[in-house]
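A.B. asks: Please see the structure below; I have some questions.
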Amino acid sequence: MVTESRGAPALNPYARDCPSRSLLDRIGDRWTVLIIGALGQDTRRFSELARLVDGVSQKMLTQTLRALERDGLVERTVHPVVPPRVEYRLTDEGRSLLSVTDLVERWAVAHYPAIAEAHERYDQRIG
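Spelled out as structure tokens, the structure:
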């Protein structure tokens with residue numbers, strides 16, 4: 025599918041060299057989906073995000089937040105106090121993505137039982 029965007033050249037994510045693919049990779053990453061969801065409408069500190077997104081390593085949380093900040097989806101604010109307080113929040117672009125990631129999250133929860141059954145059938149068949 026080729027799309028025009030704000031006077032920019034046409035993008036075709038099905039084309040190998042299309043720059044939109046990197047954005048699709050980011051959005052499809054499990055940590056991105058969970059971090060976007062954890063931020064929701066709230067501003068959060070790093071430690072809060074680490075608690076909410078169970079299982080994410082400090083390194084992956086840092087990398088994902090930096091990538092989301094670079095993409096303009098997350099804003100990082102450093103408060104000039106000792107020790108420094110750093111907070112993260114979704115930008116307007118990030119909030120626009122929230123509806124998409126929320127749908128994916130709800131789909132995964134609703135359809136997990138059927139997927140688990142499919143895994144079981146497949147594993148029994150393959151053996």
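The sequence shown maps to residues 25 to 151 in this note's numbering. We treat Cβ as the ideally placed atom computed from N, Cα and C, and that holds for glycine. Since this is a predicted model, take the numbers as computed values, not measurements.
Going by DSSP in three states, L97 sits in which element: helix, strand or coil?
C.D. replies: coil
A.B. asks: Report buried or exposed for W156, applying the criterion of at least 16 other Cβ atoms within 10 angstroms of its Cβ.
C.D. replies: As displayed, the chain neither begins before 25 nor continues past 151, which places residue 156 out of reach and without an answer.
A.B. asks: Tell me which same chain residues have a C-beta within less than 8 Å of the C-beta of V128, skipping the five on either side of it?
C.D. replies: V57
A.B. asks: Please state whether the Cβ-Cβ distance between V2 and R100 is less than 8 Å.
C.D. replies: Residue 2 is absent from the model: the chain starts at 25 and stops at 151.
A.B. asks: Could you pull out every unbroken beta strand (DSSP E) segment of at least 3 residues lying fully inside the stretch 82-135, listed in chain order?
C.D. replies: 98-103 and 109-114
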